[in-house]
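Enquirer:
Protein chains: 2
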Amino acid sequence: MNAESEFPIPSGFLCSGLIAGIKEDTTRKDLGLIYTEKDAVLGAVYTRNKFPSAHVQYCKALTPSNSFRALVINSGNANAGTGEAGKKANLKLASALADQLGVSQSQVFTSSTGIIGEAFPIKIIESSLQSLVDGLGSSCLDVAEAIMTTDTRPKLASTTVKSGDKTYTITGFAKGSGMIHPDMATMLSYILTDAPLTMNGIQSLTKKVANQSFNRISVDGDTSTNDSFYLISSNPMAGKEVIAPEIEKGLISVAISLAKQVAADGEGARHLIEVCVNGADSEESGEKVLKSVLTSSLVKTAINGHDPNWGRILMAMGNGLVDSGFEDNEPVSISIQSTPIFDRGEPVRFDRSALSTAMSDFDIRIVVDLHRGGFSVCGWGCDFSTEYVHINAEYST
Amino acid sequence: MNAESEFPIPSGFLCSGLIAGIKEDTTRKDLGLIYTEKDAVLGAVYTRNKFPSAHVQYCKALTPSNSFRALVINSGNANAGTGEAGKKANLKLASALADQLGVSQSQVFTSSTGIIGEAFPIKIIESSLQSLVDGLGSSCLDVAEAIMTTDTRPKLASTTVKSGDKTYTITGFAKGSGMIHPDMATMLSYILTDAPLTMNGIQSLTKKVANQSFNRISVDGDTSTNDSFYLISSNPMAGKEVIAPEIEKGLISVAISLAKQVAADGEGARHLIEVCVNGADSEESGEKVLKSVLTSSLVKTAINGHDPNWGRILMAMGNGLVDSGFEDNEPVSISIQSTPIFDRGEPVRFDRSALSTAMSDFDIRIVVDLHRGGFSVCGWGCDFSTEYVHINAEYST
Numbered sequence: 093m094n095a096e097s098e099f100p101i102p103s104g105f106l107c108s109g110l111i112a113g114i115k116e117d118t119t120r121k122d123l124g125l126i127y128t129e130k131d132a133v134l135g136a137v138y139t140r141n142k143f144p145s146a147h148v149q150y151c152k153a154l155t156p157s158n159s160f161r162a163l164v165i166n167s168g169n170a171n172a173g174t175g176e177a178g179k180k181a182n183l184k185l186a187s188a189l190a191d192q193l194g195v196s197q198s199q200v201f202t203s204s205t206g207i208i209g210e211a212f213p214i215k216i217i218e219s220s221l222q223s224l225v226d227g228l229g230s231s232c233l234d235v236a237e238a239i240m241t242t243d244t245r246p247k248l249a250s251t252t253v254k255s256g257d258k259t260y261t262i263t264g265f266a267k268g269s270g271m272i273h274p275d276m277a278t279m280l281s282y283i284l285t286d287a288p289l290t291m292n293g294i295q296s297l298t299k300k301v302a303n304q305s306f307n308r309i310s311v312d313g314d315t316s317t318n319d320s321f322y323l324i325s326s327n328p329m330a331g332k333e334v335i336a337p338e339i340e341k342g343l344i345s346v347a348i349s350l351a352k353q354v355a356a357d358g359e360g361a362r363h364l365i366e367v368c369v370n371g372a373d374s375e376e377s378g379e380k381v382l383k384s385v386l387t388s389s390l391v392k393t394a395i396n397g398h399d400p401n402w403g404r405i406l407m408a409m410g411n412g413l414v415d416s417g418f419e420d421n422e423p424v425s426i427s428i429q430s431t432p433i434f435d436r437g438e439p440v441r442f443d444r445s446a447l448s449t450a451m452s453d454f455d456i457r458i459v460v461d462l463h464r465g466g467f468s469v470c471g472w473g474c475d476f477s478t479e480y481v482h483i484n485a486e487y488s489t
Numbered sequence: 093m094n095a096e097s098e099f100p101i102p103s104g105f106l107c108s109g110l111i112a113g114i115k116e117d118t119t120r121k122d123l124g125l126i127y128t129e130k131d132a133v134l135g136a137v138y139t140r141n142k143f144p145s146a147h148v149q150y151c152k153a154l155t156p157s158n159s160f161r162a163l164v165i166n167s168g169n170a171n172a173g174t175g176e177a178g179k180k181a182n183l184k185l186a187s188a189l190a191d192q193l194g195v196s197q198s199q200v201f202t203s204s205t206g207i208i209g210e211a212f213p214i215k216i217i218e219s220s221l222q223s224l225v226d227g228l229g230s231s232c233l234d235v236a237e238a239i240m241t242t243d244t245r246p247k248l249a250s251t252t253v254k255s256g257d258k259t260y261t262i263t264g265f266a267k268g269s270g271m272i273h274p275d276m277a278t279m280l281s282y283i284l285t286d287a288p289l290t291m292n293g294i295q296s297l298t299k300k301v302a303n304q305s306f307n308r309i310s311v312d313g314d315t316s317t318n319d320s321f322y323l324i325s326s327n328p329m330a331g332k333e334v335i336a337p338e339i340e341k342g343l344i345s346v347a348i349s350l351a352k353q354v355a356a357d358g359e360g361a362r363h364l365i366e367v368c369v370n371g372a373d374s375e376e377s378g379e380k381v382l383k384s385v386l387t388s389s390l391v392k393t394a395i396n397g398h399d400p401n402w403g404r405i406l407m408a409m410g411n412g413l414v415d416s417g418f419e420d421n422e423p424v425s426i427s428i429q430s431t432p433i434f435d436r437g438e439p440v441r442f443d444r445s446a447l448s449t450a451m452s453d454f455d456i457r458i459v460v461d462l463h464r465g466g467f468s469v470c471g472w473g474c475d476f477s478t479e480y481v482h483i484n485a486e487y488s489t
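Residue numbers (this note's numbering), protein chains in the order written: chain H, 93 to 489; chain S, 93 to 489.
Take a look at the structure:
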C-alpha cells in the first residue's frame with residue numbers, strides 16, 4: 093500500500109509541496125499548499141501565547157470562514173517576533189498567492205513554523221509560488237513533508253466514515269517535535285474532509301476535536317507562538333450545526349492518531365508515553381493530574397532510563413492536585429506496563445528488574461487511579477533524552 | 093577563613109552530622125541534628141504537593157512552635173509514598189530522639205530527603221542517635237553536609253545584623269539539586285538565628301522570606317513532596333509581632349544567597365541563570381513571566397548551548413502572560429548579558445558571536461521589560477544539560 097492510497101485526499105482538495113530554499117538544508121521541502129476547487133468551510137484554533145506569529149494574528153481575523161480557498165504553509169521560519177516587517181511580509185504572501193490563484197486575499201490563509209525572530213524570507217517564497225500552484229495534485233504527502241522542522245518523519249492519518257448512504261474521507265497531517273505543549277492545538281495540524289460541515293458549527297467542533305487530542309499531548313511543556321489546528325471541509329452545508337456522531341468520531345480518531353504521532357516523534361524521543369488518569373471527580377481535575385505527570389522532567393527522565401521510579405509519578409500527581417479538594421495522602425493507585433506498584437496508598441512489592449525490562453518497549457503506559465469519581469482521561473507525551481538537549485542546545489547557532 | 097568562622101553558629105544552637113549508613117555510598121554523611129539549649133521559636137513553610145512526606149505531615153501539626161528543641165534530618169530516604177509504615181517510623185524516630193535528649197516528643201521535628209517510596213530505615217537511624225547527640229558542637233558544616241543528596245557541595249550562608257545596641261548572627265544551610273521548583277520553600281532549608289523573634293510573628297515572617305528567595309528558584313519544574321523551610325530563633329520574645337527591618341533584611345539576604353546556591357548547583361547545571369522582569373503591572377504578573385522563562389526547557393537548553401536564541405525567551409514570556417490583561421504582541425524588551433536584542437517589539441541587530449562568547453560565563457543574566465508598570469522581580473534557575481538527563485535516568489536503578 094502506498095502513501096497516496098493509505099492517506100487519500102478528500103474530494104475537492106488539491107495539495108502540493110516543494111523545496112523553496114527557506115531551510116538551510118536545501119534538500120528538504122519547506123513550502124506547501126492546500127487548495128480547494130470551490131469555497132470551503134474552515135474552523136481553526138490557535139495558540140494562546142501572547143506573542144503569536146504574524147500568521148496566527150492574520151488568520152485569527154478570518155476564522156471561521158465559509159469561503160476558504162487556499163492555505164500556504166512554510167517551514168524554516170516562524171515569522172514570530174518579527175515586528176511590523178513580519179506582518180507586512182505575511183500580508184504580501186497572502187496577496188501574491190491570491191493573485192496567482194485568482195481568488196480574493198481574504199480566502200487565503202497562511203501558516204509558518206521554524207525559528208522565531210529571523211526576518212521572514214518573503215522574496216524566496218514569492219519566487220516559488222508559481223511552481224507551488226503548478227504542482228497541485230491529489231496527494232497530501234508533499235505538503236506533510238514540507239511542514240517538517242526537527243520532525244524525523246511526516247505525520248499523516250486517514251479514515252473513511254459512512255454516514256447515511258454516503259462515505260466520506262477524513263485525512264489529516266501535522267508537524268510536531270519541539271515547543272509542543274499545545275494550549276489550543278499542536279504547532280501545525282490540518283484535517284481535510286469532504287464530510288458535510290456547517291459554518292455555524294465548525295468552530296465549536298474544531299475546539300472539541302482539539303481538546304480530546306492535541307490539547308492532551310506534551311513534548312517539552314513549551315507552548316509555541318505558532319500553534320494552529322485547522323479543520324477544513326470541501327462540503328460546506330448551510331443552516332445550523334448538524335454534525336453526525338460518526339463524523340465527529342472519525343474526526344477525533346484522526347486527530348488522536350496525529351497527536352500520538354507528534355508525541356512519539358518528540359525531539360529526542362525514545363518512548364511514546366500514554367498516561368491515563370482514572371477515578372477523577374471531574375474531567376478538569378483529571379486533566380491537571382494528566383498534564384503534571386506528562387510534563388514532569390523527573391518522570392520523563394526515569395522512563396528514558398527504564399526506571400520504574402513510581403515515587404516521581406506520585407510526586408507529579410501531588411503537584412497536579414494542588415488547589416483541588418484532594419486531601420493530603422488520599423489513597424491512590426499507580427501501575428506501569430500493567431504492573432501494579434502502588435495500591436490505594438501503599439507500596440506494592442514488584443519485580444523491579446522484570447518491570448525495567450518491560451519498559452524497554454517503545455510504548456510506555458502509566459495508569460493512575462484517584463479513586464474519587466467516574467472520570468477518565470488519557471494523554472500522550474515522550475521521554476526526556478540527552479538527544480533533546482543536544483538538539484535544542486544547537487538549534488539556532 | 094575556615095567554614096566555622098565564615099558560617100558561625102548563632103548563640104544557643106548546637107549541631108552535628110554523621111554517617112549512619114542510610115545512603116548506599118557509606119563514605120557520605122546522611123544524618124544531622126539541630127539542637128537548642130533552651131526552648132526556641134520556630135516558623136516553617138512546607139510543600140503544597142498533595143502527597144507530602146511523613147515528616148512534612150508530622151511537622152505541619154507542630155508549626156509554629158515556641159518550645160522547639162531539636163530537628164533531626166536524614167538524607168538518602170524521603171519517607172514519602174511509604175504509607176502507614178512510614179508515618180509510624182517517623183513517630184518512632186521523634187520519640188526515640190526525645191528520650192535521648194530528655195525533652196518531650198512535641199519539641200522534636202524531623203526532616204527527610206532522598207528517594208521516594210523506599211521503606212524508611214528506622215533501625216539504622218535509631219542505632220546512630222546516641223552518636224549524633226554525643227557529637228553536638230558549634231559548627232553547622234556537618235549537618236549541611238549530612239543533608240546533601242545529588243548536591244555537589246554544601247550550601248551555607250551567614251550574616252550578622254546590628255539592631256539597637258546588639259549584634260545578631262543569622263546562619264542558614266540548604267540542600268537542592270533536583271525536584272526543585274519550590275511551591276512554599278526549597279526541598280530542605282534551615283535558617284538559624286539568635287535575633288529576637290516572636291511566636292506571633294514568625295509564621296508570616298517565614299512566608300515572606302520564602303516568597304522572596306526559595307519561591308523564586310526552579311531547577312526542573314518539579315515540586316518535591318518534602319520541601320520544607322525552617323526559621324528558628326534561639327531568642328524567643330513574648331508579645332506581638334515586632335521585627336526590626338534590619339533583621340528582616342538580614343534573613344532575606346541569607347535566604348536569597350542559599351536560593352542562588354541551590355539553583356547554581358542544580359542537577360547537571362553549568363550556568364546560574366538570573367532572570368529579572370521589569371515593568372510589570374503587579375508582582376504576581378511579574379512572577380508568572382519570571383517562572384515561565386526560568387522553567388522553559390527550550391530557554392534552558394539554549395543557554396546550555398550558549399545560544400542567544402531570544403525567540404524562545406519571547407515564547408516563554410508569552411506563555412507566562414496567558415490569562416493576563418496583556419494584549420497580543422505588546423511591545424516588550426529583552427536583553428542577555430546586558431546586550432539588548434529585542435527592543436519595544438522589534439528585533440535589534442547584535443553581534444551574535446560576541447554574545448555567544450559572553451554566554452560562556454557561569455552567570456547568565458536575562459532582563460526583560462514589559463513596559464507596563466513599576467514592579468520588578470528577579471529569580472534564579474539553571475540550564476538544562478545532558479548531565480541532568482544522565483543523573484535522573486539512572487538515579488534509582
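No residue lacks a Cβ here, since even glycine has one placed at the ideal position from N, Cα and C.
Quick one, which of H/Tyr150, H/Lys341, H/Ala186 has its alpha-carbon nearest valine 554 of chain H's?
Expert: Shown here, chain H extends from 93 to 489; a query on residue 554 of chain H therefore has no answer.
Enquirer: So is aspartate 226 of chain H buried or exposed if we call it buried at 16+ other beta carbons inside 10 Å?
Expert: By 1-based counting over the first sequence, the position of residue 226 of chain H is 134. Per the 10 Å Cβ criterion, exposed.
Enquirer: Relative to the alpha-carbon of valine 385 of chain H, which residue among H/Arg457, H/Ala347, H/Thr202, H/Ser430 has its alpha-carbon at the smallest distance?
Expert: As a first step, residue 385 of chain H is located in the first sequence; it is residue number 293 there, counting from the start. Nearest C-alpha to valine 385 of chain H: H/Arg457.
Enquirer: Could you check whether the Cβ of histidine 363 of chain H sits closer than 8 Å to any Cβ belonging to chain S?
Expert: One-based indexing of the first sequence puts residue 363 of chain H at position 271. Not closer than 8 Å to any Cβ of chain S, the Cβ of histidine 363 of chain H fails to qualify, so no.
Enquirer: Sort out for me which residues DSSP pairs leucine 364 of chain H with in a bridge.
Expert: Taking the first residue of the first sequence as 1, we reach residue 364 of chain H at position 272. Beta-bridge pairing links leucine 364 of chain H to H/Asp455, H/Cys474.
Enquirer: Which bits of chain S does valine 485 of chain H rub up against, with CB to CB less than 9 Å?
Expert: Here residue 485 of chain H refers to the residue found at position 393 when the first sequence is read from its first residue. The identity of residue 485 of chain H in the sequence shown is alanine, whereas the question assumes valine. Simply Thr393, Ala394, Ile395, Asn396, Gly397, His398, Asp399, Asp475, Phe476, Ser477, Thr478.
Enquirer: Kindly indicate the opening and closing residues of the beta strand (DSSP E) around threonine 139 of chain H.
Expert: Reading the first sequence from its first residue, position 47 is the one you call residue 139 of chain H. Looking at the DSSP string, threonine 139 of chain H is not in any beta strand (DSSP E), and its letter there is neither H nor E.
Enquirer: What does glycine 168 of chain S pair with, by DSSP beta-bridge criteria?
Expert: The sequence position of residue 168 of chain S within the second sequence is 76, counting from 1. Bridge partners of glycine 168 of chain S: S/Gly206.
Enquirer: For lysine 142 of chain H, which residues in chain S fall below 7 Å Cβ to Cβ?
Expert: Taking the first residue of the first sequence as position 1, residue 142 of chain H is located at position 50. Here the neighbours are Gly410, Leu413, Val414, Phe418, Asp420.
Enquirer: Quick check on alanine 330 of chain H: buried or exposed, where buried means 16 or more other Cβ atoms within 10 Å of its Cβ?
Expert: As a first step, residue 330 of chain H must be located in the first sequence, where it is residue number 238. Exposed.
Enquirer: Over the uninterrupted beta strand (DSSP E) stretch that includes proline 432 of chain H, give me the two end residues.
Expert: As a first step, residue 432 of chain H must be located in the first sequence, where it is residue number 340. Residues 431 to 435.
Enquirer: Check the Cβ of isoleucine 208 of chain S against every Cβ in chain H and list those closer than 9 Å, keeping chain order.
Expert: Walking along the second sequence from the start, residue 208 of chain S turns up at place 116. Result: Asn401, Trp402, Gly403, Arg404, Leu406, Met407.
Enquirer: Is the beta carbon of serine 167 of chain H closer than 8 Å to that of threonine 205 of chain H?
Expert: Indexing the first sequence from 1 puts residue 205 of chain H at position 113. Indexing the first sequence from 1 puts residue 167 of chain H at position 75. Taking 8 Å as the Cβ cut-off, threonine 205 of chain H and serine 167 of chain H qualify as a contacting pair.
Enquirer: Which of the three DSSP states is assigned to leucine 228 of chain H in this structure?
Expert: Locating residue 228 of chain H in the first sequence gives position 136, where the first residue counts as 1. Three-state result, leucine 228 of chain H: coil.
Enquirer: Any chance the stretch 443 to 459 of chain H sits against the stretch 444 to 464 of chain S, with 3 or more Cβ pairs inside 8 Å?
Expert: Verdict: no, contact absent.
Enquirer: Quick one: is threonine 241 of chain S near chain H, going by C-beta distance under 8 Å?
Expert: If you number the second sequence from 1, residue 241 of chain S lands on position 149. Judged by the 8 Å Cβ criterion, threonine 241 of chain S is not in contact with chain H.
Enquirer: Starting from alanine 172 of chain H, find everything on chain S with Cβ-Cβ shorter than 8 Å and list it in chain order.
Expert: Taking the first residue of the first sequence as position 1, residue 172 of chain H is located at position 80. Going along chain S in sequence order, the residues near alanine 172 of chain H (Cβ under 8 Å) are Gly403, Leu406, Met407.
Enquirer: In whole angstroms, give me the CA-to-CA distance for proline 432 of chain S and aspartate 357 of chain S.
Expert: Taking the first residue of the second sequence as 1, we reach residue 432 of chain S at position 340. Taking the first residue of the second sequence as 1, we reach residue 357 of chain S at position 265. When rounded, the distance between both Cα atoms is 28 Å.
Enquirer: Can you give me the C-alpha to C-alpha distance between glycine 74 of chain H and glutamate 176 of chain S, rounded to a whole angstrom?
Expert: Outside the shown range of chain H (93 to 489) lies residue 74 of chain H, about which nothing can therefore be said.
Enquirer: Got a sec: is the Cβ-Cβ distance from glutamine 149 of chain H to anything in chain S below 8 Å?
Expert: As a first step, residue 149 of chain H must be located in the first sequence, where it is residue number 57. True, the Cβ-Cβ gap to chain S drops below 8 Å.
Enquirer: By Cβ distance below 7 Å, which residues in the same chain neighbour proline 213 of chain H in space, the five residues on each side in sequence not counted?
Expert: Taking the first sequence and counting its residues from 1, the one referred to as residue 213 of chain H is at position 121. Cβ within range, chain order: Ile114, Asn169.
Enquirer: Can you tell me whether lysine 383 of chain H is buried or exposed? The criterion is at least 16 other CB atoms within 10 Å of its CB, across all chains shown.
Expert: In the first sequence, residue 383 of chain H corresponds to position 291, counting from 1. So lysine 383 of chain H ends up on the buried side.
Enquirer: Can you tell me the Cβ-Cβ gap for asparagine 171 of chain S and serine 145 of chain S, rounded? I've got them flagged as a contact below 8 Å.
Expert: Position 79 of the second sequence, counted from the start, is the residue given in the question as residue 171 of chain S. Position 53 of the second sequence, counted from the start, is the residue given in the question as residue 145 of chain S. Contact holds; Cβ gap of about 5 Å.
Enquirer: So is serine 97 of chain H buried or exposed if we call it buried at 16+ other beta carbons inside 10 Å?
Expert: For the purposes of this step, residue 97 of chain H is taken as the residue at position 5 of the first sequence. The residue in question, serine 97 of chain H, is exposed, as its Cβ has fewer than 16 Cβ neighbours within 10 Å.
Enquirer: How many angstroms separate the CA atom of leucine 233 of chain H from the CA atom of glycine 473 of chain S?
Expert: Here the question's residue 233 of chain H lines up with position 141 in the first sequence. Here the question's residue 473 of chain S lines up with position 381 in the second sequence. Approximately 42 Å between the Cα atoms of the pair.
Enquirer: For the alpha helix (DSSP H) containing threonine 449 of chain S, list its first residue and its last residue.
Expert: The residue you call residue 449 of chain S lines up with position 357 of the second sequence. Residues 444 to 450.
Enquirer: Can you tell me which residues form a DSSP beta bridge with alanine 355 of chain H?
Expert: The count along the first sequence starts at 1 and reaches residue 355 of chain H at position 263. Beta-bridge pairing links alanine 355 of chain H to no other residue.
Enquirer: Look up serine 157 of chain H in the DSSP assignment and give the residues it is bridged to.
Expert: Mapped onto the first sequence, residue 157 of chain H falls at position 65. Answer is H/Leu134, bridged to serine 157 of chain H.
Enquirer: Would you kindly report the start and end of the unbroken beta strand (DSSP E) that includes valine 424 of chain H?
Expert: Residue mapping note: residue 424 of chain H aligns to position 332 of the first sequence, counting from 1. Where valine 424 of chain H is concerned, there is no enclosing beta strand (DSSP E), given that its DSSP letter is neither H nor E.
Enquirer: For valine 481 of chain H, decide whether its Cβ has a neighbour in chain S, counting only Cβ atoms nearer than 8 Å.
Expert: Here residue 481 of chain H refers to the residue found at position 389 of the first sequence. It does: the Cβ of valine 481 of chain H has a partner Cβ on chain S nearer than 8 Å.
Enquirer: Of all the options H/Leu125, H/Leu110, H/Ile126, which has the alpha carbon lying nearest to the alpha carbon of threonine 119 of chain H?
Expert: By one-based count along the first sequence, residue 119 of chain H stands at place 27. Closest option to threonine 119 of chain H, Cα to Cα, is H/Leu110.
Enquirer: According to DSSP, threonine 241 of chain H sits in a beta bridge with which residue or residues?
Expert: By 1-based counting over the first sequence, the position of residue 241 of chain H is 149. Partner(s): none; threonine 241 of chain H has no beta bridge.
Enquirer: Residues of chain C with CB closer than 7 Å to the CB of glutamate 438 of chain H, please, in chain order.
Expert: Absent from the structure is chain C; the protein chains it does hold are H and S.
Enquirer: Nearest by alpha-carbon distance to aspartate 117 of chain H: which of H/Leu154, H/Ile165, H/Gly104, H/Met240 is it?
Expert: As a first step, residue 117 of chain H must be located in the first sequence, where it is residue number 25. Closest option to aspartate 117 of chain H, Cα to Cα, is H/Met240.
Enquirer: Going along the chain, which unbroken runs of the beta strand (DSSP E) with 3 or more residues stay wholly within the stretch 363 to 409 of chain S?
Expert: Whole beta strand (DSSP E) segments, 3+ residues: 364 to 372.
Enquirer: Taking Cβ positions, are serine 325 of chain H and aspartate 286 of chain H nearer each other than 8 Å?
Expert: Translated into positions along the first sequence, residue 325 of chain H becomes position 233. Translated into positions along the first sequence, residue 286 of chain H becomes position 194. Their beta carbons are under 8 Å apart, which means serine 325 of chain H touches aspartate 286 of chain H by this criterion.
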